[in-house]
Each structure stands twice: as C-alpha cells, then as structure tokens.
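*Asks:* For the sequence shown, our numbering begins at 4 and goes up steadily by one. Glycine residues also receive a C-beta, built at the ideal position from the N, C-alpha and C atoms. Computed from a prediction, not measured in an experiment: that's the story for all the values here. For reference, the structure I am asking about is given below.
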Amino acid sequence: MPSLLDPFLQQALDAAAARGERRALVPTALVPGGRVARDGRTLLDFSSNDYLGLATHPLLAERGAEWARRHGSSAGASRLVTGTHELHLAVEARVAAFKGTPAALLFASGWQANAAILPALAKALPGLTVFADRLNHASLHHGCAAAGLRQVRFRHNDLDHLDALLAVAPEGPKLVLTESVFSMDGDRVDLPRLTAIARAHGAFTYLDEAHATGVLGPRGAGLSATVPGAVDLVMGTFSKALGGFGAYVAGSVALCDYLVNACGGIIYTTALPPGVLGAIDAALDLVPAMDAERAALADMAARLRALLAAGGIDTAESSTQIVPAIVGEAEAALAAARSLEAEGMLAIAIRPPTVPRGRSRLRIALRASHSSDAIDGLAAAVLRAVA
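This is the structure we're talking about:
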C-alpha cells in the first residue's frame, strides 16, 4: 500500500533526476589487488577510500573473526551501561599511542562523531564562535547546525582570511574547525601555520583527519602528528586507509572524559562490536610499518596529476592520494564515469550538492596496490572520456 508520503517524495526524486543529481545504490564488493566486483564485472577500483588495501588484508579479517568468536557479535549496550569491554579500553590506548596523545575515545563513525562532538563542546563553551573552512565535510556543518552554532566561514585553505577573521572576533571562546585532507579536492591544510594562527588568537583547534589517518604524517599517524600537542581535538576514522569501520577522537584525558559525560554519540549508542575492534587492532599493527606503501601512493598521485594536467584536466590543488578530474557539468561527469567503466575502471562521478555546480568531477582515489601501468591507463582513459 502506497504511503501518503510517496507523492511528495517522488516529486523530489523526479526533480533531482531532471537536474542530473538522482542517485541509486549499486552493489559493489572490494576484491584484493585494487579491484571491485560490480554488475557482474571486475573493475580496477579508483573510487574506494581503501588507500592502503587493508580492507581485504587477511590479518584484519582473521583478527576480526577471532575477536567475534571469543567475545560475541555485539558489545550489547552503550559505553556507560555494559558496553565498555576491556577490548575498547585496549584499542583506545593503542589509538592514543598511535596519535601521540594522552587519551582517545572510539565512535561509531566519522559522521556520527562530528555530528555529536560539536554539540557536546558547545555545552561546555557558552558563546562559542566557530571559524570553519568553507569546504569542510557535511558532517562538520551538520554538527554546528545541531549545536545551534553560527559558523564564520573562511575561504578554503586561506589562512590569511582566517587570521583576519579571528582578529576581529567577538569576545568569548573560539574554535577553528578544519580537515587535514579535503575529500573532494584532495588538498591539505597548512597545519603548522593554522595552529600557530589559532594559538595567537587564543582559539581552540578541531581537526578532521579522516583522509589523512594511515596515509600522511610519521608512521601514518596523520598531519596532527607533525605538530605534536598543537591540535586540541583530532577526529579520524578507521574506515578508510585502516580498512575497517568506526572513528576516534584523540586528545587530552579531560577531553575524552568530558565527551563520555556529555556527548550523545557516546551516551546513547551501542559500542563498537568485538569483530570491528579486532580489525582496528590488526590495522594498528600494520599501518606504522607501511612507509613504502605511503611513498608509492604519493608517487602515483603525483604521476596522475602530471598526466591529467598535461591533457588540460583541472585537478584543483590536489596534493594527496585523492585526485579530482574536474569536468564541469553533472552530465559530463556521469558520461565520463560510464566511459571509464566500459574500459574496466571504476571512477565515480561526484555531482552537486556534494560539489558546487559547474565543478562536477571524477573523484579518483588511489590505492597503494595500483601499478604505474594502471595509472597511465587511467589517465589515458580519462582524457579520452572528456575529449
């Protein structure tokens, strides 16, 4: 029986389709060796965030299965009820050591962490003003909206603009909110300068390391590890380069203790299950020693950017494993993605509202397992697709 909502929802779906922005779910499975299975075909994968190939690493699967067999399939409750196991505390201690902070706290996902932490901070900081990069992830904007915080947005990675805005900020606590690596443009923040500016104005810093964790910084510990102690709150995920699921906050003991007491994303949600914790634990064994893979990833990204630039393709200010191939309108990006898929490559088209109108793109996410030949083939296919 149709829902009374259906006519309204269908109208919205039809409008999205008319703009070239309607989306659909397509079953896709990661395959070892930098490939995916999709629509009955095996494609070279240039879209997943599995930057180090750990999502199909046997150690993660084995330890996840072992911990699930030994401890069950669920934590059983939220952390403040019966959901805190010794496993959670042990993994949090490992994350804190990895990030070089006094403490760490696990969350269900990066979106949930950002959406829940900002309202919690606002409760402790009456009159808080948030200075946010314009291209911050939607979850950070959502967290500010949920907290009722007005964002003072500075131009993307324009730290002179941030400095000027902080100089005329109203009295009261100030928070600078940004990312290490921006997921659509693949560029990174100048963290030493940003933290210096924030400190000069007495502002706290909140850094989203989702796309840097495992890939950048010493031992893959993220950009925050390059400025020890300078970032007040670091959020990152296990669902990208670390090949698992969930998120973390790293910072002071007081910060983590406060979030346990005030953050709805901790208080009101079931804790991560043992199998997920096992995969995280295994990834933390592997990632610090993967310098060769990180170097290969950086080299491949530089090679791809050079090849695309030589063909006149805009790759924004990418300096990481995320390389956008900006083609313009949504239909052009969809057509380019279809062309690549016909050649056996998966590079998803990203359209508004995720990116601005006229800036639709193929968001290319590289993996350490990609070969030079694969990069050359991808670049040639992109140039053919947009010719």
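Tell me, please, whether the region 103–115 touches the region 292–311 by the rule of three or more beta-carbon pairs shorter than 8 Å.
*Replies:* They do not touch, by the three-pair rule.
*Asks:* Could you round the C-beta distance between Gly-281 and Arg-66 to whole angstroms and report it? I think they count as a contact, below 8 Å.
*Replies:* Right, the Cβ-Cβ distance comes to about 4 Å (below 8 Å), so this counts as a contact.
*Asks:* Once you ignore the five residues that flank Ala-224 on each side, which residues in its own chain have a CB closer than 7 Å to its CB?
*Replies:* The answer, listed in chain order, is Phe-101, Lys-102 and Gly-103.
*Asks:* Can you tell me where the alpha helix (DSSP H) holding Thr-198 begins and where it ends?
*Replies:* Counting along the chain, the alpha helix (DSSP H) containing Thr-198 begins and ends at 194–203.
*Asks:* Can you tell me which of the three DSSP states Val-98 falls into?
*Replies:* Three-state DSSP puts Val-98 in a helix.
*Asks:* Would you grab the beta carbon distance between Ile-120 and Gly-268 for me? Rounded to a whole angstrom, and I think it's under 8 Å.
*Replies:* Correct: roughly 7 Å between the Cβ atoms.
*Asks:* I'd like to confirm the pairing. Which residues does DSSP put opposite Arg-38 in its beta bridges?
*Replies:* Note: Arg-38 sits in a beta bridge opposite Val-34 and Leu-47.
*Asks:* Is it the case that the Cβ atoms of Val-94 and Asp-294 are separated by a distance below 7 Å?
*Replies:* Not in contact: Val-94 and Asp-294 (Cβ atoms no closer than 7 Å).
*Asks:* Among the residues of its own chain, which have a CB less than 7 Å from the CB of Gly-37, if the five just before and after it don't count?
*Replies:* Leu-47, Asp-48, Gly-56, Arg-370, Ser-372 and His-373.
*Asks:* Going by the beta-carbon positions, is the gap between Ala-340 and Val-330 smaller than 7 Å?
*Replies:* No.
*Asks:* Could you tell me the alpha carbon to alpha carbon distance between Gly-458 and Leu-386, rounded to whole angstroms?
*Replies:* A question about residue 458 goes unanswered here, because the residues of the chain that appear run from 4 up to 390.
*Asks:* Looking only at DSSP bridge pairs, what is Pro-327 linked to?
*Replies:* DSSP lists Arg-366 as partners of Pro-327.
*Asks:* Which residue from Phe-134, Ala-352, Tyr-261 and Ala-141 puts its Cα closest to that of His-204?
*Replies:* Nearest of Phe-134, Ala-352, Tyr-261 and Ala-141 to His-204, Cα basis: Phe-134.
*Asks:* Let me know the secondary structure DSSP gives Val-389 once reduced to three states.
*Replies:* Reduced to three states, the DSSP call for Val-389 is helix.
*Asks:* Would you kindly check if the distance between the Cβ of Arg-73 and the Cβ of Leu-287 is under 7 Å?
*Replies:* No, they are not a contact pair.
*Asks:* Starting from Asp-161, follow the beta strand (DSSP E) in both directions and report where the run begins and ends.
*Replies:* First-last for Asp-161: undefined, no H or E at that position.
*Asks:* I'd like the span of the alpha helix (DSSP H) that includes Phe-241, first residue to last.
*Replies:* From DSSP, Phe-241 is part of no alpha helix (DSSP H); its letter is neither H nor E.
*Asks:* On the CB-based measure, 16 or more other CB atoms within 10 Å of its CB, does Gly-217 come out buried or exposed?
*Replies:* Buried, since its Cβ has 16 or more Cβ neighbours within 10 Å.
*Asks:* Please list the segments of the alpha helix (DSSP H) lying wholly inside the region 278–348, counting only runs of 4 or more residues, in order along the chain.
*Replies:* The qualifying runs are 294–313 and 333–345.
*Asks:* Confirm, please, whether the CB-CB distance from Gly-189 to Val-326 is below 7 Å.
*Replies:* Cβ distance < 7 Å, so Val-326 and Gly-189 count as in contact.
*Asks:* Excluding sequence positions up to five away, which residues of its chain have a Cβ less than 6 Å from the Cβ of Arg-82?
*Replies:* Only Ile-269 and Ala-274 meet the Cβ criterion.
*Asks:* Cα separation between His-60 and Pro-35?
*Replies:* One C-alpha to the other measures close to 8 Å.
*Asks:* What do you reckon, are the CB atoms on Arg-364 and Ala-333 nearer than 7 Å?
*Replies:* Not closer than 7 Å, so no.
*Asks:* If Leu-33 and Asp-53 are in contact, beta carbons under 8 Å, what's the gap, nearest whole angstrom?
*Replies:* About 6 Å separates the two Cβ atoms, so the contact holds.
*Asks:* With Leu-194 and Leu-143 assumed to form a contact (beta carbons below 8 Å), what rounded beta-carbon distance in angstroms separates them?
*Replies:* Between Leu-143 and Leu-194 the Cβ distance is about 16 Å, and since that is not below 8 Å, they are no contact.
*Asks:* In the DSSP assignment, what are the bridge partners of Asp-211?
*Replies:* Per DSSP, Glu-182 and Met-238.
*Asks:* Quick one: using the 10 Å Cβ neighbour count with 16 as the cut-off for buried, is Gln-324 buried or exposed?
*Replies:* Buried, because 16 or more other Cβ atoms sit within 10 Å of the Cβ of Gln-324.
*Asks:* Can you tell me whether Lys-126 is buried or exposed? The criterion is at least 16 other CB atoms within 10 Å of its CB, across all chains shown.
*Replies:* Answer is exposed; the Cβ neighbour count stays below 16.
*Asks:* Taking C-alpha atoms, which residue in Ala-150, Arg-153, Val-192 and Gly-151 lies nearest to Leu-138?
*Replies:* Looking at the Cα atoms, Val-192 is the closest of the given residues.
*Asks:* Would you kindly work out how many angstroms separate the C-alpha atoms of Ser-255 and Lys-243, rounded to a whole number?
*Replies:* Their backbone Cα atoms lie some 24 Å apart in a straight line.
*Asks:* Just mark Ala-384 as buried or exposed, buried being the case when its beta carbon has 16 or more other beta carbons within 10 Å.
*Replies:* So Ala-384 ends up on the buried side.
*Asks:* In or out: Arg-297 buried (at least 16 other Cβ within 10 Å) or exposed?
*Replies:* Arg-297 should be labelled buried.
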